[in-house]
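Take 48 as the starting number for the sequence shown in the working numbering and just add one per residue.
Report on the structure given below.
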Amino acid sequence: MRLSQRALTIVLSAAAELMCPAPRHKQGLLLLMMRAVVITVSDSCFLGQRVDVSGRVVANLLQAHAFEVVSHLVVPDEQGEIEDALRQQSEVASLVVTTGGTGIGPRDVTPEATRAVCDRILDGFAELMRAEGRKQTQFAPLSRSVSGTRGRSLIVNLPGSPGGAQASLEAVISIIPHALNLLDGTATQDHENHRAEDKLPRTPA
Numbered sequence: 048m049r050l051s052q053r054a055l056t057i058v059l060s061a062a063a064e065l066m067c068p069a070p071r072h073k074q075g076l077l078l079l080m081m082r083a084v085v086i087t088v089s090d091s092c093f094l095g096q097r098v099d100v101s102g103r104v105v106a107n108l109l110q111a112h113a114f115e116v117v118s119h120l121v122v123p124d125e126q127g128e129i130e131d132a133l134r135q136q137s138e139v140a141s142l143v144v145t146t147g148g149t150g151i152g153p154r155d156v157t158p159e160a161t162r163a164v165c166d167r168i169l170d171g172f173a174e175l176m177r178a179e180g181r182k183q184t185q186f187a188p189l190s191r192s193v194s195g196t197r198g199r200s201l202i203v204n205l206p207g208s209p210g211g212a213q214a215s216l217e218a219v220i221s222i223i224p225h226a227l228n229l230l231d232g233t234a235t236q237d238h239e240n241h242r243a244e245d246k247l248p249r250t251p252a
């Protein structure tokens, strides 16, 4: 049986939608496919002397929050190699998360590498992570983790301990999708500010 031109058009359109599903929306914001990369910065893990527990914890947490972890690599505590990894991975993922190398030891250079490759630094991310970290340990202020943007990618430093990495990521993970939407241009900060202002109580004139 031959299909009419209209029926054929409907069938072809449905097939196209199945192959290229339309982006989903939530609360007025476009939800992009959130691709993430995890980079473990550790001499001992790189040399195979220690199991990379923190990297696995971070990857599992990202996947639990609808991120597609497209790569998980381990690099030594060398600033040049960390910078190269950040540059390369920010080209293939919208979110690059590092764990390790954020303390005050002589080999802790992840923050320096991150600052070197970022266009802008997001001070609020680090403040929020350290504030949450203080609930877990008194040593949280010794973390020098930074976060920033490179092009349309977000780079987030986490501590090297599994507990510290998890607590820090949990502190900011709910705002990361919106940050990525802002970077991609699918949301505007002004729009969110106006929505917040609309909720404020009005004072009589």
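Glycine included, every Cβ here is placed at the ideal spot set by N, Cα and C.
These numbers come from a predicted model, not from an experiment.
Within the DSSP bridge table, the entry for V144 names V85 and V203 as partners. In the three-state scheme derived from DSSP, where H, G and I count as helix and E and B as strand, T233 is classed as coil. Counting along the chain, no alpha helix (DSSP H) covers V193, and no H or E run does either.
Excluding five sequence positions before and after P158, the CB atoms of its chain that fall closer than 7 Å to its own CB belong to T149, R191, S192, V193 and N204, given in chain order. Checking the DSSP bridge columns, you'll see R167 partnered with T196.
Taking all protein chains in view, the Cβ of Q213 is crowded by 16 or more other Cβ atoms within 10 Å, so the residue is classified as buried. By the neighbour-count criterion, in which a residue is buried when 16 or more other Cβ atoms sit within 10 angstroms of its Cβ, I129 is buried. For L175, same chain residues with a beta-carbon under 7 Å away, outside a window of 5 residues either side, are A218 and V219 in chain order.
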